[in-house]
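Below is one structure, written out as structure tokens, with a few remarks after it.
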Amino acid sequence: MARPRIVRTVKALRAAVAAWRRKGDRIALVPTMGALHDGHMSLVKLARRRADRVVASIFVNPAQFAPHEDFARYPRTWKTDLARLRAENADLVFAPALAEIYPAGFATQVVLTGPALGLETDFRPHFFAGVATVVAKLLIEAMPDLALFGEKDYQQLLVIRRLARDLDLPVKIVGAPIVRERDGLALSSRNAYLSPAERAAAPTLHRVLEESAAAIRSGEAIATVLARGRGRIAGAGFKLDYLEARHAETLAPVASMKDGPVRLLVAAKIGATRLIDNVGVGRLTGR
Ligand code: PAF
Numbered sequence: 105m106a107r108p109r110i111v112r113t114v115k116a117l118r119a120a121v122a123a124w125r126r127k128g129d130r131i132a133l134v135p136t137m138g139a140l141h142d143g144h145m146s147l148v149k150l151a152r153r154r155a156d157r158v159v160a161s162i163f164v165n166p167a168q169f170a171p172h173e174d175f176a177r178y179p180r181t182w183k184t185d186l187a188r189l190r191a192e193n194a195d196l197v198f199a200p201a202l203a204e205i206y207p208a209g210f211a212t213q214v215v216l217t218g219p220a221l222g223l224e225t226d227f228r229p230h231f232f233a234g235v236a237t238v239v240a241k242l243l244i245e246a247m248p249d250l251a252l253f254g255e256k257d258y259q260q261l262l263v264i265r266r267l268a269r270d271l272d273l274p275v276k277i278v279g280a281p282i283v284r285e286r287d288g289l290a291l292s293s294r295n296a297y298l299s300p301a302e303r304a305a306a307p308t309l310h311r312v313l314e315e316s317a318a319a320i321r322s323g324e325a326i327a328t329v330l331a332r333g334r335g336r337i338a339g340a341g342f343k344l345d346y347l348e349a350r351h352a353e354t355l356a357p358v359a360s361m362k363d364g365p366v367r368l369l370v371a372a373k374i375g376a377t378r379l380i381d382n383v384g385v386g387r388l389t390g391r
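In terms of my numbering, the sequence shown opens at residue 105 and continues consecutively.
Here it is, written out as structure tokens:
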């Protein structure tokens, strides 16, 4: 059979996965909204190394977009996505229609606290309920042994880890490092929206994160470092949503490295495009 096999219904997905399970195969799921870039492909490659069967889902999930956001113009690049998945030997692509995921009368949403509070939620209050609901459905539908998510959406990764733990979903949630352009810009499907001038300014976010992390590691007070970083981001033409230092595992606010491991997270708009990024600062050692 041609690979990857394309499956549009939950029933067909379950049948394919059940057949692999009977043979004792280990199954990995890479949930995506398509517009695949090298960051997604790093997840597929990692899945390939960790499992016998790799399923990628492609579903642009309307529930995680607010009415004023970019659902309608979100890039849809089915042909190239499929070619990339074929090149990486994905076994199956689950590409359901809207009504397969949200049939008429759909009325359920996952309610979140913990790592979902603050940061993204302050600016996109609808976002994690939409993500968690669709990811819970995908995990229940595919029943993979592991599911892979990029650290670029760091808060999302922690929310999904918590979701899987709290709902006793029998799946290992695996996070994978951010893939970056040579100038440091984190890969994102939304980078396609950037004008040449915005693209030139965009790596500022990563530069500020790295310089802030270095300053905190060298002993400078977190509050001072963040104030300087916020100024630099605004000065480069961004509208800043947040630049914050948080506990890397709980996302609780941290005042110093003593409260760490620390993660720096940023979200900012350049023109009409909202970008997010994050870096690890590390843990206090031997001081
Ligand atoms: O990170 C994404 O692309 C999406 O939020 C996800 C996890 C596929 C859910 O729609």
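All C-beta atoms in this analysis are idealised placements derived from N, C-alpha and C, irrespective of residue type, glycine included. Quantities reported herein were computed from a predicted structural model and do not represent experimental measurements.
Where arginine 334 falls, given that 16 or more other Cβ within 10 Å makes a residue buried: Counting from 1 along the sequence shown, the entry for residue 334 is found at position 230. Label assigned to arginine 334: buried.
Counted within 10 angstroms of its Cβ, other Cβ atoms place glycine 218 as buried (16 or more) or exposed: Along the sequence shown, one-based indexing puts residue 218 at 114. Its Cβ having fewer than 16 others within 10 Å, glycine 218 is exposed.
Integer Cβ distance of glutamate 224 from alanine 318, believed to fall under 8 Å: Here residue 224 refers to the residue found at position 120 when the sequence shown is read from its first residue. Here residue 318 refers to the residue found at position 214 when the sequence shown is read from its first residue. Glutamate 224 to alanine 318, Cβ: 25 Å. No contact.
Cβ neighbour criterion (16 or more within 10 Å) applied to asparagine 382: In the sequence shown, counting from the first residue as 1, residue 382 sits at position 278. By the Cβ-count criterion, asparagine 382 is buried, with 16 or more other Cβ atoms from all chains shown falling within 10 Å of its own Cβ.
Pairwise C-alpha distance: alanine 120 and leucine 388: Taking the sequence shown and counting its residues from 1, the one referred to as residue 388 is at position 284. Taking the sequence shown and counting its residues from 1, the one referred to as residue 120 is at position 16. Rounded to whole angstroms, leucine 388 to alanine 120 spans 47 Å at the Cα level.
Presumed contact (8 Å Cβ cut-off) between leucine 140 and leucine 242, rounded CB distance: Residue 140 sits at position 36 when you count from the first residue of the sequence shown. Residue 242 sits at position 138 when you count from the first residue of the sequence shown. Not quite, the Cβ-Cβ distance comes to about 16 Å (not below 8 Å), so this is no contact.
Counted within 10 angstroms of its Cβ, other Cβ atoms place glycine 323 as buried (16 or more) or exposed: For the purposes of this step, residue 323 is taken as residue 219 along the sequence shown, with counting starting at 1. Result: exposed.
Closest Cα partner of aspartate 249 within the set Val158, Ala304, Ala349: As a first step, residue 249 must be located in the sequence shown, where it is residue number 145. For the set Val158, Ala304, Ala349, the Cα lying nearest the Cα of aspartate 249 is the one of Val158.
Inter-stretch contact at 8 Å, needing at least 3 Cβ pairs: the segment 339–353 / the segment 302–310: Three or more beta-carbon pairs drawn from the segment 339–353 and the segment 302–310 are found closer than 8 Å, and the two stretches are therefore classed as touching.
Best match in Pro207, Leu273, Asp257, Ile326 for proximity to leucine 291 [C-alpha to C-alpha]: Position 187 of the sequence shown, counting from 1, holds the residue named residue 291. Residue nearest to leucine 291 within the set Pro207, Leu273, Asp257, Ile326 is Asp257 (criterion: CA-CA distance).
Boundaries (first-last residue) of the alpha helix (DSSP H) holding valine 263: As a working note, residue 263 is residue 159 in the sequence shown. Here the alpha helix (DSSP H) through valine 263 covers 258–270.
Start-end ranges of the alpha helix (DSSP H) lying completely within the segment 259–333, minimum 4 residues: Qualifying alpha helix (DSSP H) stretches, in chain order: 300–305, 308–321.
8 Å contact criterion, which valine 329 and isoleucine 320 should meet: CB distance rounded: Locating residue 329 in the sequence shown gives position 225, counting from the first residue. Locating residue 320 in the sequence shown gives position 216, counting from the first residue. About 5 Å separates the Cβ atoms of valine 329 and isoleucine 320, confirming a contact at the 8 Å cut-off.
Check: proline 135 C-beta below 7 Å from any heavy atom of the ligand PAF: As a position in the sequence shown, residue 135 is number 31, starting the count at 1. At least one heavy atom of the ligand PAF is nearer than 7 Å to the Cβ of proline 135, so yes.
Proximity of proline 454 and arginine 367 at Cβ, strictly below 8 Å: In the structure displayed, the chain extends from 105 to 391; residue 454 sits before or after that span and is not available.
C-alpha distance - leucine 221 paired with leucine 267, whole-angstrom precision: Indexing the sequence shown from 1 puts residue 221 at position 117. Indexing the sequence shown from 1 puts residue 267 at position 163. Spanning the alpha carbons of leucine 221 and leucine 267 requires a straight line of approximately 13 Å.
Proline 86 burial status per 10 Å Cβ neighbour count (16 or more: buried): Since the first and last residues shown for the chain are 105 and 391, residue 86 lies out of range.
Aspartate 257: CB within 7 Å of a non-hydrogen atom of the ligand PAF: As a working note, residue 257 is residue 153 in the sequence shown. At least one heavy atom of the ligand PAF is nearer than 7 Å to the Cβ of aspartate 257, so yes.
Segment contact flag, the segment 181–188 with the segment 274–281, C-beta cutoff 8 Å, min 3 pairs: The segment 181–188 is not in contact with the segment 274–281.
Check whether valine 238 and phenylalanine 169 have beta carbons under 8 Å apart: Residue mapping note: residue 238 aligns to position 134 of the sequence shown, counting from 1. Residue mapping note: residue 169 aligns to position 65 of the sequence shown, counting from 1. No, these two residues do not count as a Cβ contact at 8 Å.
Alpha carbon of valine 385 to alpha carbon of arginine 107, nearest angstrom: Walking along the sequence shown from the start, residue 385 turns up at place 281. Walking along the sequence shown from the start, residue 107 turns up at place 3. Each residue's Cα considered, the two are about 41 Å apart.
Cα-Cα separation, valine 235 to isoleucine 205: Numbered from its first residue, the sequence shown carries residue 235 at position 131. Numbered from its first residue, the sequence shown carries residue 205 at position 101. Distance between the alpha carbons of valine 235 and isoleucine 205: 13 Å.
Inter-stretch contact at 8 Å, needing at least 3 Cβ pairs: the segment 113–132 / the segment 171–183: No, because fewer than three Cβ pairs between the segment 113–132 and the segment 171–183 fall closer than 8 Å, the two stretches do not touch.
Nearest-angstrom Cα separation, counted from threonine 136 out to lysine 149: Counting from one through the sequence shown, the residue named residue 149 turns up at place 45. Counting from one through the sequence shown, the residue named residue 136 turns up at place 32. The straight-line gap from Cα to Cα measures roughly 14 Å.
Through-space distance from valine 214 to arginine 265, alpha-carbon basis: Reading the sequence shown from its first residue, position 161 is the one you call residue 265. Reading the sequence shown from its first residue, position 110 is the one you call residue 214. Each residue's alpha carbon lies about 14 Å from the other.
Buried or exposed by the 16-neighbour rule on C-beta atoms within 10 Å, applied to phenylalanine 210: Position 106 of the sequence shown, counted from the start, is the residue given in the question as residue 210. Residue burial annotation: phenylalanine 210 is exposed, with fewer than 16 other C-beta atoms found within 10 angstroms of its C-beta.
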